[in-house]
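A.B. asks: In mature numbering (1 follows the signal peptide of the UniProt record, and there is no 0), the protein residues as written are -30 to -1, 1 to 142.
Just so it is clear, CB atoms sit at the ideal spot from N, CA and C, and this is done for glycine as well.
Could you have a look at this structure, given as structure tokens, before my questions?
Here is the structure:
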């Protein structure tokens, strides 16, 4: 059966578009970091980030006095364990010795503005926020747990998951 003239005209264009899109996907895949190699390990420097908190104040991570960073990527872990962390660590959260870092990048913008940020603003300590997707990729935590990264001069010296209240209490 003969190919219609119009289809013959668009075939080279379609082929070029398909090739270009496959090339873009290949480039993107090549640039995506391998999760096994991009995960922060003991002995690695903690990433140097400049992020804002719930009051839009800028924080450099890790700070000069930072001894630990507690990372949350779960609403459940935040709601359950951050009050325990606040009661155990207290002023160290305010001074920056312990930094609370929360990934809100997957949260829809409207939800974050209307609900999450007003709730976070009620806290007496800074909650440093990861707002862009993919930034927290090197940080790993179990589902519904907080990840504790202990630091020595900006280098990770220990890491543990805090999944229940007693984990948080015993860690500090």
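Measure the Cβ-Cβ separation of residue 28 and residue 99 and say whether it is below 8 angstroms.
C.D. replies: Here residue 28 is taken as the residue at index 58 of the chain shown, counted from 1. Here residue 99 is taken as the residue at index 129 of the chain shown, counted from 1. In this structure, residue 99 does not lie closer than 8 angstroms to residue 28 by Cβ.
A.B. asks: Determine the DSSP secondary structure at residue 83, reduced to helix, strand or coil.
C.D. replies: Counting from one through the chain shown, the residue named residue 83 turns up at place 113. Residue state, collapsed to three classes: helix.
A.B. asks: Can the beta-carbon of residue 57 be found less than 8 angstroms from the beta-carbon of residue 106?
C.D. replies: As a first step, residue 57 must be located in the chain shown, where it is residue number 87. As a first step, residue 106 must be located in the chain shown, where it is residue number 136. No, these two residues do not count as a Cβ contact at 8 angstroms.
A.B. asks: Look up residue 91 in the DSSP assignment and say whether it is helix, strand or coil.
C.D. replies: In the chain shown, counting from the first residue as 1, residue 91 sits at position 121. Helix.
A.B. asks: Look up residue 122 in the DSSP assignment and give the residues it is bridged to.
C.D. replies: Counted from its first residue, the chain shown places residue 122 at position 152. Beta-bridge pairing links residue 122 to 125.
A.B. asks: Taking its Cβ as the centre, do 16 or more other Cβ atoms sit within 10 Å of residue 18, making it buried, or is it exposed?
C.D. replies: As a position in the chain shown, residue 18 is number 48, starting the count at 1. So residue 18 ends up on the exposed side.
A.B. asks: Looking at residue 75: is its Cβ nearer than 8 angstroms to the Cβ of residue 102?
C.D. replies: The residue given as residue 75 occupies position 105 in the chain shown. The residue given as residue 102 occupies position 132 in the chain shown. For residue 75 and residue 102, yes; Cβs fall inside 8 angstroms.
A.B. asks: Considering only DSSP beta bridges, list what residue 29 is partnered with.
C.D. replies: Reading the chain shown from its first residue, position 59 is the one you call residue 29. In DSSP, residue 29 forms a bridge with 21.
A.B. asks: In three-state terms, what does DSSP make of residue 105?
C.D. replies: Looking up residue 105 in the chain shown gives position 135. In the structure shown, residue 105 sits in coil (DSSP, three-state: anything other than H, G, I, E or B).
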